[in-house]
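Visitor: Questions regarding the structure given below will be posed in turn.
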Amino acid sequence: MRQKKNELILIPMEFKVACSLYKMDVAEVLQVFIDHVTVYDIINNTYHEGFSEACHCLIFCYRRKKKPRILSTGMRKCRELFLRNMGQIELLAHMKRRGWKTTTKRSYTRCFVENIFDAMERLYTPSDMIYLDDYSALKLSKDFCVLCEVYDCYPKEFLEYFMGYISVADADVGFGLKGYSNFVNTFFFENRQWSWQKSTYQDRID
């Protein structure tokens, strides 16, 4: 089960082409994706640009594995703490209070995510860094690490799933078709005007 831990991330040629075409660095795109994955947005059903697409990518990647249920192996020794803190995050995700913006509620979940992160076994995310090559590395956020342990998936699996759905050809055709939906392409192409150097969420948590 642990064989994927030390394997290099496979970067599809189509993804490299898309990054090159739009003058985006592969590592920067992947870092922005990681930084837009949050426990808050996994639970919250309201659409939030960038965050919703990134989180849906994780959910669909897990569903593709067709496991009968979520085991969350890394939470075995802290299940009570995990459930208690997830309950607090869920309360914030569904809370409707005048003057409370999504960014405010998302930031308030940080302490609960940190509680889980500090208590869980890091079976799938033993390191905060994941290397693409000798020169490029990605920093895994605490939210991303927690969700990897929740879904029993390596970061490599989520990142490769994301990259595998990026297609310049599909985007050119799909954006002109009524009813067409590829949320991964949407994250990449419709939001390519973002500053890929830093994500807005990462700026808030650093």
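With the working numbering, letter number 156 in the sequence shown gets 156, and the count goes up by one each step, no holes.
C-beta atoms are modelled at their ideal positions from N, C-alpha and C, and glycine is treated no differently.
#1: Going by C-alpha to C-alpha distance, which of R98, V168, D128 and T102 sits closest to D41?
#2: Taking Cβ to Cβ, would you say V184 is nearer than 8 Å to A18?
#3: Verify whether the separation of the beta carbon atoms of E160 and I34 is less than 8 Å.
#4: Tell me the start and end of each unbroken alpha helix (DSSP H) in the stretch 132 to 165 that is at least 4 residues and wholly inside, in chain order.
#5: Give me the Cβ distance between F188 and I166, rounded to the nearest whole Å; I'm assuming they're in contact under 8 Å.
#6: Looking only at C-alpha atoms, which of R122, C55, N44 and S107 sits nearest to V32?
#7: Between which residues of its own chain and R122 is the CB-CB distance below 8 Å, once the five residues before and five after are set aside?
#8: F82 and I116 look like a contact to me (Cβ under 8 Å); what is the Cβ gap, rounded to whole Å?
#9: Going by the beta-carbon positions, is the gap between S72 and D128 smaller than 8 Å?
#10: Put M13 into one of helix, strand or coil per three-state DSSP.
#11: Pick out whichever of C78, I11, H94 and R69 has its Cα sitting closest to the Cα of Y47.
#12: Ordered along the chain, which non-local residues of its own chain (more than five positions away) have a Cβ less than 6 Å from that of A119?
#13: Can you check DSSP and say which residues form a bridge with I130?
#14: Could you tell me the boundaries of the alpha helix (DSSP H) in which I43 lies?
#15: Rounded to the nearest angstrom, what separates S107 and E114 at their Cα positions?
#16: Alpha carbon to alpha carbon, how far is I89 from Y124?
Guide: Working from what's here:
#1: Here residue 41 is taken as the residue at index 41 of the sequence shown, counted from 1. If we check each option's Cα against that of D41, T102 comes out closest.
#2: One-based indexing of the sequence shown puts residue 184 at position 184. One-based indexing of the sequence shown puts residue 18 at position 18. Going by C-beta atoms, V184 is not nearer than 8 Å to A18.
#3: By 1-based counting over the sequence shown, the position of residue 160 is 160. By 1-based counting over the sequence shown, the position of residue 34 is 34. No, Cβ-Cβ distance for E160 and I34 is not below 8 Å.
#4: 142 to 151 and 155 to 164
#5: Reading the sequence shown from its first residue, position 188 is the one you call residue 188. Reading the sequence shown from its first residue, position 166 is the one you call residue 166. Under the criterion of beta carbons closer than 8 Å, F188 and I166 qualify as touching, at roughly 5 Å.
#6: Here residue 32 is taken as the residue at index 32 of the sequence shown, counted from 1. The shortest Cα separation from V32 among R122, C55, N44 and S107 belongs to C55.
#7: In the sequence shown, residue 122 corresponds to position 122, counting from 1. Same-chain partners within the cutoff: G74, C145 and E149.
#8: Along the sequence shown, one-based indexing puts residue 82 at 82. Along the sequence shown, one-based indexing puts residue 116 at 116. Between I116 and F82 the Cβ distance is about 6 Å, and since that is below 8 Å, they are a contact.
#9: As a first step, residue 72 is located in the sequence shown; it is residue number 72 there, counting from the start. As a first step, residue 128 is located in the sequence shown; it is residue number 128 there, counting from the start. Annotated as distal: S72 and D128, with beta-carbon spacing of 8 Å or more.
#10: The sequence position of residue 13 within the sequence shown is 13, counting from 1. Helix, per DSSP.
#11: Against the sequence shown, residue 47 aligns to sequence position 47. Here the closest residue by C-alpha is H94.
#12: Numbered from its first residue, the sequence shown carries residue 119 at position 119. Taken in chain order, the residues that qualify are C78 and L81.
#13: Against the sequence shown, residue 130 aligns to sequence position 130. Bridge partners of I130: L138.
#14: Here residue 43 refers to the residue found at position 43 of the sequence shown. First-last of the alpha helix (DSSP H) with I43: V39 to I43.
#15: Here residue 107 refers to the residue found at position 107 of the sequence shown. Here residue 114 refers to the residue found at position 114 of the sequence shown. S107 and E114: Cα-Cα distance of roughly 12 Å.
#16: Position 89 of the sequence shown, counted from the first residue, corresponds to residue 89. Position 124 of the sequence shown, counted from the first residue, corresponds to residue 124. Going by the C-alpha atoms only, they are around 22 Å apart.
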